[in-house]
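These notes are about the structure you will find just below.
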Amino acid sequence: MRILFLPETWTLVLCFIVWPILQVGAALLCLFLPDRVFSPDRFIYRTHSFEKQGRIYDSIFRVSRWKHLLPDGGTVWKKRGYAKRRLLNFSEENLRKYLVESCRAEMTHWLAIFPFWVFGLFTPPFVPWIMLAYAVVINGPCIIAQRYNRPRIQRLLGKMKKKHWAESED
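Residue numbers (the numbering used here): 845 to 1014.
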């Protein structure tokens, strides 16, 4: 419901100001939440059977072909961020950290989609739908990439545990 009526130019300027604020706000919120909030075992982050261990995202969206083109927002926040583009350390500790940061990234992008409705407060009624489409197009690929990568890392961790367990029995 539109409550603020501005000239078109100012409405457009406000749109370009509000989106970055909302996007950075979502990122900062998730960045400062404790790691326990982003447990890969939580229902929202868990891989569900219909996802076929993440393979559904490659069969439908061909994510393995384009995921390398996505920006890595974790590198923006030097002291608190975590770069997820390339794994340089395959230790169990680092892989577990990757899983947490993957959940954090996914939630950041979900939260960046949600505030599309804010534009309904100061734009004509059709604009929030455009903003929703924009938010899904911009954030959807990042969510898909996280949902694709997380089960792959979990499988790798599982293989490492089996190998370690087998070696400890010898």
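We put the CB at the ideal spot given by N, CA and C, even for glycine.
The model shown is predicted, which means the values in this text are computed figures rather than measured ones.
- Query: So is P884 buried or exposed if we call it buried at 16+ other beta carbons inside 10 Å?
  - Reply: Translated into the one-based positions of the sequence shown, residue 884 becomes position 40. Buried is the call here.
- prompt: Going by alpha carbons, who is nearest to E945 out of I900, A977 and G917?
  reply: Stepping through the sequence shown from its first residue, residue 945 is reached at position 101. Ranking the options by Cα distance to E945, first place goes to G917.
So, do the stretch 982-1000 and the stretch 900-909 have three or more beta carbon pairs nearer to each other than 8 Å?
-> yes
When the Cα of A949 is compared with those of K896, F876 and P864, which residue comes out closest? As a first step, residue 949 is located in the sequence shown; it is residue number 105 there, counting from the start. Among K896, F876 and P864, the Cα nearest to that of A949 belongs to F876.
Determine, using beta carbons only, whether A977 and A956 come nearer to each other than 8 Å.
-> Against the sequence shown, residue 977 aligns to sequence position 133. Against the sequence shown, residue 956 aligns to sequence position 112. Contact: no.
*Count the other CB atoms within 10 Å of the CB of M975; is the residue buried (16 or more) or exposed (fewer)?*
Reading the sequence shown from its first residue, position 131 is the one you call residue 975. Its Cβ being crowded by 16 or more others within 10 Å, M975 is buried.
Which residue marks the beginning of the alpha helix (DSSP H) containing G820, and which one marks its end?
As displayed, the chain neither begins before 845 nor continues past 1014, which places residue 820 out of reach and without an answer.
6 Å Cβ shell around I987 - same chain, five flanking residues per side excluded: Taking the first residue of the sequence shown as 1, we reach residue 987 at position 143. Excluding positions up to five away in sequence, the list reads E950 and H953.
task: Measure how close the beta-carbons of L965 and L848 come, nearest whole angstrom, since I'm counting them as under 8 Å.
output: Within the sequence shown, numbered from 1, the residue matching residue 965 stands at position 121. Within the sequence shown, numbered from 1, the residue matching residue 848 stands at position 4. At roughly 6 Å, the Cβ-Cβ gap stays under 8 Å, so L965 and L848 are in contact.
| field | The alpha helix (DSSP H) enclosing V944, as first and last residue numbers | value | The residue given as residue 944 occupies position 100 in the sequence shown. Looking at the DSSP string, the run of the alpha helix (DSSP H) that includes V944 is E936 to I957.
For V962, which option in E852, V857, V862 and W854 has the closest C-alpha, if you only look at C-alpha atoms?
Mapped onto the sequence shown, residue 962 falls at position 118. When each option's Cα is compared against that of V962, the closest is V862.
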